[in-house]
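Asker: Taken in order, these protein sequences are the chains called A and D.
Going by full-length UniProt numbering, the first residue of the first sequence is number 1, and it counts up by one from there.
Going by full-length UniProt numbering, the first residue of the second sequence is number 1, and it counts up by one from there.
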Amino acid sequence: MKARVTVTLKTGVLDPQGKAIEGALKSLGIDGVGAVRQGKIFDIELAGADKAAAEAALKTACEKLLANTVIENYRVEIGA
Amino acid sequence: MKAAVITFPGSNREGDVAKALKQAGATVAHVWHADTTLPAGTDLVVLPGGFSYGDYLRTGAIAGRANIMDATRAHAERGGYVLGICNGFQIVCEAGLLPGILMRNADLKFVCKRQHLTVERADTPYANAYAKGQVIDVCIAHGEGNYIADSDTLARLEGEGLVAFRYADAQGAVTAEANPNGSLNNIAGIYSPKLNVLGLMPHPENLIDSLTGGTDGRGMFESLMGGRKAA
Numbered sequence: 001m002k003a004r005v006t007v008t009l010k011t012g013v014l015d016p017q018g019k020a021i022e023g024a025l026k027s028l029g030i031d032g033v034g035a036v037r038q039g040k041i042f043d044i045e046l047a048g049a050d051k052a053a054a055e056a057a058l059k060t061a062c063e064k065l066l067a068n069t070v071i072e073n074y075r076v077e078i079g080a
Numbered sequence: 001m002k003a004a005v006i007t008f009p010g011s012n013r014e015g016d017v018a019k020a021l022k023q024a025g026a027t028v029a030h031v032w033h034a035d036t037t038l039p040a041g042t043d044l045v046v047l048p049g050g051f052s053y054g055d056y057l058r059t060g061a062i063a064g065r066a067n068i069m070d071a072t073r074a075h076a077e078r079g080g081y082v083l084g085i086c087n088g089f090q091i092v093c094e095a096g097l098l099p100g101i102l103m104r105n106a107d108l109k110f111v112c113k114r115q116h117l118t119v120e121r122a123d124t125p126y127a128n129a130y131a132k133g134q135v136i137d138v139c140i141a142h143g144e145g146n147y148i149a150d151s152d153t154l155a156r157l158e159g160e161g162l163v164a165f166r167y168a169d170a171q172g173a174v175t176a177e178a179n180p181n182g183s184l185n186n187i188a189g190i191y192s193p194k195l196n197v198l199g200l201m202p203h204p205e206n207l208i209d210s211l212t213g214g215t216d217g218r219g220m221f222e223s224l225m226g227g228r229k230a231a
């Protein structure tokens, strides 16, 4: 089983890296670029086939390590 | 005073802080991050500067979950002293010993320079050799020193007087121009509610000898030697 965890900054948290990327995209002349916020994606391979258990384990992983919930939100998606 | 300086993969100022502690009269043990216990009788745990685990994931995130951090947390809960400097500040925040987080500097640049701080209070185990409001000249060297906390946490820190040091100019004025990294309220360091845990971005351990430019950092280590024994 495979899972994807997406970690993004909470709304309102300043993102200087996103701002710099936004500036770089604009300086490349790419049309229509508005605000840019950057984040992280973790592709995780899982043993077992129990989706509910996997989701619970990944939620724990996010709370304990993958995200800092002071500033970040996370989303867990379980694939096939 | 018995100090335990923790070394993580990527720590790089553990020698400097050990030198500062010994100069002030402490005995120093070096402890590896994978150990599960602190040496018997440890009064002070020091988490030094550096780039633990290459700053992978988030600065201090992986070190904050290292084996030795369980023992460090228990030590802090007993009232023992824990000092996190630079990467150590990032680690104690990630380990939940202090609130908030250190984010990328607002201007995205690594900053390495001399920096003035105001001593916000001098009635603590870490600052009793200074005077309240004193301006000290130390140094900073970090890319992620931008202290952020939610508004309730910030209000609590300010309301309970838990801000230890602020970035200031040479006259002690706390201004936006003197803020090197965008930290809220120019915060350079904070205490836990019981004042036994201190996290700060600047490096007092690098200003302990006039040979290397100044001695304003000595006060922190001398303060600790005068403090009560930890539980």
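Idealized CB from N, CA, C, for every residue including glycine.
Quick caveat, the model's predicted, so the values are computed rather than measured.
Heavy atom of the ligand MN less than 8 Å from the Cβ of ALA122 (chain D), yes or no?
Answerer: You won't find the ligand MN in this model; it holds no ligand whatsoever.
Asker: Locate the alpha helix (DSSP H) running through MET201 (chain D), then write down its first and last residues.
Answerer: That residue, MET201 (chain D), is in no alpha helix (DSSP H); it is neither H nor E in DSSP.
Asker: Would you list the one or two residues that DSSP bridges to GLU72 (chain A)?
Answerer: In DSSP, GLU72 (chain A) forms a bridge with A:LEU9.
Asker: For the putative contact between residue 251 (chain D) and ARG114 (chain D), defined by C-beta atoms under 8 Å, what is the C-beta separation to the nearest angstrom?
Answerer: This structure does not reach residue 251 (chain D), given that chain D is present from 1 up to 231, and the question cannot be answered.
Asker: Beta-carbon of VAL76 (chain A) versus every beta-carbon of chain D: anything under 9 Å?
Answerer: No, its Cβ sits nowhere closer than 9 Å to a Cβ of chain D.
Asker: Between VAL33 (chain A) and PHE51 (chain D), what straight-line distance do the alpha-carbon atoms span, to the nearest angstrom?
Answerer: C-alpha separation (whole angstroms): 34 Å.
Asker: Against ILE148 (chain D), what residues of chain A qualify as contacts under a CB-to-CB distance less than 8 Å, listed in chain order?
Answerer: Those within 8 Å of ILE148 (chain D) in chain A are VAL13, LEU14, VAL70 and ILE71.
Asker: What residue ranges within the region 12 to 97 of chain D form continuous alpha helix (DSSP H) runs of no fewer than 4 residues, ordered along the chain?
Answerer: The region 12 to 97 of chain D contains these whole alpha helix (DSSP H) runs: 14 to 24, 67 to 77 and 87 to 94.
Asker: So, for GLY213 (chain D): in the same chain, excluding its five sequence neighbours on each side, which residues have a beta-carbon less than 7 Å away from its beta-carbon?
Answerer: Here the set comprises LEU207.
Asker: Is it buried or exposed for ALA191 (chain D), if we count other Cβ within 10 angstroms and need 16 for buried?
Answerer: Per the sequence presented here, residue 191 (chain D) reads as Tyr, with Ala not at that position. The residue in question, TYR191 (chain D), is buried, as its Cβ has 16 or more Cβ neighbours within 10 Å.
Asker: So, does the CB of THR6 (chain A) fall closer than 9 Å to a CB anywhere in chain D?
Answerer: Chain D, which has no Cβ nearer than 9 Å to the Cβ of THR6 (chain A), makes this no.
Asker: Hey, out of D:TRP32, D:VAL17 and D:ALA34, whose CA is closest to ALA26 (chain D)'s CA?
Answerer: Answer by Cα proximity: D:VAL17.
Asker: Cα-Cα, which of D:ALA74, D:GLY143 and D:LEU224 is closest to LYS109 (chain D)?
Answerer: The residue with the shortest Cα to Cα distance from LYS109 (chain D) is D:GLY143.
Asker: Quick check: the Cα distance between GLU77 (chain A) and LEU14 (chain A), rounded to an integer number of angstroms?
Answerer: C-alpha separation (whole angstroms): 26 Å.
Asker: Helix, strand or coil for GLY39 (chain A), going by three-state DSSP, please let me know.
Answerer: DSSP places GLY39 (chain A) in strand when its eight states are reduced to three.
Asker: Would you check if the distance between the CB atom of VAL119 (chain D) and the CB atom of PRO180 (chain D) is smaller than 9 Å?
Answerer: No, the Cβ-Cβ distance between VAL119 (chain D) and PRO180 (chain D) is not below 9 Å.
Asker: Measuring straight from C-alpha to C-alpha, what distance separates LEU184 (chain D) and GLU55 (chain A)?
Answerer: Answer to the nearest angstrom: the Cα atoms are 36 Å apart.
Asker: Where does LEU57 (chain D) land, buried or exposed, given buried means 16+ other C-beta within 10 angstroms?
Answerer: Its Cβ being crowded by 16 or more others within 10 Å, LEU57 (chain D) is buried.
Asker: Would you please verify whether the beta carbon of ILE62 (chain D) is less than 9 Å from any beta carbon of chain A?
Answerer: Answer yes: the Cβ-Cβ gap between ILE62 (chain D) and chain A drops below 9 Å somewhere.
Asker: For ALA230 (chain D), count neighbouring Cβ atoms within 10 angstroms of its own Cβ and tell me buried if that reaches 16, exposed if not.
Answerer: With a pLDDT of 42 at ALA230 (chain D), under the threshold of 50, the modelled position of this residue cannot be trusted, and the question is left open.
Asker: Ignoring anything shorter than 4 residues, give me the alpha helix (DSSP H) runs that lie fully in the region 113 to 163 of chain D, in order along the chain.
Answerer: Counting only runs of 4 or more, we get 151 to 159.
Asker: Per DSSP, THR215 (chain D) is paired with what?
Answerer: Its beta-bridge partners do not exist; DSSP assigns none.
Asker: Who are the neighbours of GLU120 (chain D) on chain A, taking C-beta pairs under 8 Å?
Answerer: Those within 8 Å of GLU120 (chain D) in chain A number zero; the least Cβ separation is about 22 Å.
Asker: So, are the CB atoms of GLY54 (chain D) and GLY88 (chain D) less than 9 Å apart?
Answerer: Not in contact: GLY54 (chain D) and GLY88 (chain D) (Cβ atoms no closer than 9 Å).
Asker: Assign THR37 (chain D) to buried or exposed, taking buried as 16 or more other Cβ atoms, counted over all protein chains shown, within 10 Å of its Cβ.
Answerer: It is exposed - the Cβ of THR37 (chain D) has fewer than 16 other Cβ atoms within 10 Å.
Asker: Could you confirm whether any beta carbon from chain A is found closer than 9 Å to the beta carbon of PRO180 (chain D)?
Answerer: No - not a single Cβ of chain A is within 9 Å of the one on PRO180 (chain D).
Asker: Pick helix, strand or coil for MET103 (chain D), following the three-state DSSP scheme.
Answerer: Reduced to three states, the DSSP call for MET103 (chain D) is strand.
Asker: Does the region 24 to 38 of chain A come into contact with the region 5 to 15 of chain D, if we say contact requires no fewer than three beta-carbon pairs (one atom in each stretch) closer than 8 Å?
Answerer: No, the region 24 to 38 of chain A is not in contact with the region 5 to 15 of chain D.
Asker: Quick one: is ILE101 (chain D) buried, meaning 16 or more other Cβ sit within 10 Å of its Cβ, or exposed?
Answerer: Classification for ILE101 (chain D): buried.
Asker: ASN105 (chain D) CB to nearest chain A CB: under 9 Å?
Answerer: It does; some Cβ of chain A falls within 9 Å.
Asker: Taking buried to mean at least 16 other C-beta atoms within 10 Å of its own C-beta, is ALA74 (chain D) buried or exposed?
Answerer: Exposed is the call here.
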